[in-house]
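In the UniProt record's numbering, the protein residues as written are 1 to 536.
Next up, the structure:
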């Protein structure tokens, strides 16, 4: 199979056959090309390497197109479907069935690839206090860190090990936990958790898919310190295509019931929860709006017996794996900012308490100053930075594409070298009989070549967008003195050809002689070519 870095070649073009070719035509084409490119025919090491590479390409094309089932997959889904690494099993008669099956298999392969590796996550929180610092104390009010590593033991078993430490003032706590999750079936799972530390406990939780739109979860947790037991039951149901509702009931030392919902579409997401319990009661809401693929804003609020706060802010993706966020918070704890940096599975969170007392002017200033600063930075720093970054990515992509094209041109020239002897013999035979002789053939961006003049010397820029294919076309002239390139087959896949200008429409210009007369024809990349065509 081809490298993911190389452009995909049309297998029908490699064997020079039509998409409707019969099994016999496929076998015949393979035998003809195998005679030309078989490595055993060449003694020169360089020629043998070229022949080996092209023979492998021919053999791969034959193995796929000669297999009825693989050919059917290739015709519908291309090499991507064949590279999925799975067999389809039963014969599927409809193209839609094959496409749907391949889509499921590809998703499963991606999931298996991800789950085959351990996934570490961690968070570091540094709690800062400006009032404490101004009073002569430390600016750091407290710190906390947590870490977890998940590892897929098998297709049905997942293990996670984690721990956390926190320090506030002169006191600190910590805990460690281990979790084992077993997938009983496609609709049911069980999870075992053991925690050691201040809140040492053992728990078991089971989940089951009740229907296509609903799920139930039940669990029991036993404290190893006082022997208390907590029972939990939760029900989740999909209310609509974008909305999910859930109810949770807890019975034990902190009994309570909570009702919540979540909704999400392309631009917005929102959630809310109302909780009633023996120790506390409260409600919370969150709303997020995505302004673009890289930036979002969020508003949230909590109210209850132990909390009263309002938070507003947003975030922006600054690289492929990194996101920064800034929030403004005001509540009974005071006025604060919160900075967050997310990179992969790692988080850095820095809440900064600005004032423990409410002051309208200070609260307004604390909101306006960072907001104004953000928009100034966005306009004069972030936008230029991202423009330069995108420009650099484009330049890198162009440079990489240029290198790939150069390598493809070299490979095409080497493939032509193999064809040279037979091509010249066929050309001489046609000359003797007054038959079809290709005098000049170029493939690529003919519009640029015509603009610069077809018959004038080409400059480097024009020459880099076209490829001389005179030799391989003379080779493709059959014993009857005819050349046919099939309709619907991109010519860049033919042996001795390549794509000299990716992303640009290509044409093939052929100048030929037949029975002493000169002819010229131009065809599109996927159009049929059938010559000779005598002038009437």
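Every residue, glycine too, gets a C-beta built ideally from N, C-alpha and C.
Straight through space, the alpha carbons of residue 41 and residue 49 are spaced by roughly 11 Å.
Taking residue 154 as reference, the option from 172, 140, 132 and 184 with the minimal CA-CA separation is 184.
By the Cβ-count criterion, residue 67 is exposed, with fewer than 16 other Cβ atoms from all chains shown falling within 10 Å of its own Cβ.
Judged by DSSP in its simplified three-state form, residue 246 adopts strand. The beta-carbon distance between residue 202 and residue 224, rounded to whole angstroms, is 7 Å. This is short enough to meet the 8 Å contact definition.
Taking the C-beta atoms as reference points, residue 307 is found no nearer than 8 Å to residue 334. Non-local beta-carbon contacts of residue 351 in its own chain, meaning distances under 6 Å to residues more than five positions away in sequence, involve 127, 336 and 338 in chain order. Nearest in C-alpha terms to residue 140, of all of 169, 210 and 157, is 169. Scanning its chain for C-beta atoms nearer than 6 Å, with the 5 sequence neighbours on each side dropped, one finds around residue 285 the residues 272 and 301, in chain order.
Separation of residue 392 and residue 372 (C-alpha to C-alpha, rounded to the nearest whole angstrom) is 29 Å.
Looking from the CA of residue 146, the closest CA among 262, 191 and 161 belongs to 161. Check the Cα spacing between residue 353 and each of 499, 132, 304 and 238: the tightest is with 132.
The residue from 234, 421, 473 and 365 with its alpha-carbon nearest to that of residue 256 is 234. Around the beta carbon of residue 384, fewer than 16 other beta carbons lie within 10 angstroms, which makes this residue exposed. DSSP places residue 347 inside the beta strand (DSSP E), whose first and last residues are 346-355. Collapsing the DSSP output to three states places residue 445 in coil. Taking the C-beta atoms as reference points, residue 471 is found no nearer than 8 Å to residue 531.
Secondary structure note for residue 366: its alpha helix (DSSP H) is the uninterrupted segment 360-377. For residue 339, the enclosing beta strand (DSSP E) covers residues 334-343. Straight across, the Cα-Cα distance linking residue 398 with residue 182 is about 48 Å. For residue 290, the enclosing beta strand (DSSP E) covers residues 281-290. Check the Cα spacing between residue 320 and each of 171, 342 and 17: the tightest is with 342.
Taking the Cα of residue 172 as reference, the smallest distance to any Cα among 378, 192, 144 and 199 is reached at 144. Note that the region 422-440 does not touch the region 394-409; fewer than 3 beta-carbon pairs, one per stretch, sit closer than 8 Å.
Separation of residue 47 and residue 437 (C-alpha to C-alpha, rounded to the nearest whole angstrom) is 26 Å. Contact check for residue 254 and residue 277: beta-carbon distance about 6 Å, within the 8 Å limit, so the pair qualifies. Under the three-state reduction of DSSP, residue 144 is assigned to strand. Counting the other CB atoms within 10 Å of its CB gives residue 380 a total below 16, which places it among the exposed residues. Under the three-state reduction of DSSP output, residue 24 falls in the helix class. Excluding the 5 residues flanking it on each side, residue 269 has same chain C-beta neighbours closer than 6 Å at 288, in chain order.
Taking the CA atoms as reference points, residue 150 sits about 8 Å from residue 121. When rounded, the separation of the alpha-carbon atoms in residue 239 and residue 248 is 16 Å.
A contact is defined here as three or more CB-CB pairs under 8 Å, and the region 57-66 fails this definition with respect to the region 513-532. When the Cα atoms are used, residue 220 and residue 74 turn out to be separated by approximately 52 Å. Going by beta carbons, residue 443 and residue 477 fall outside the 8 Å limit.
In the displayed model, residue 408 falls within a helix according to three-state DSSP.
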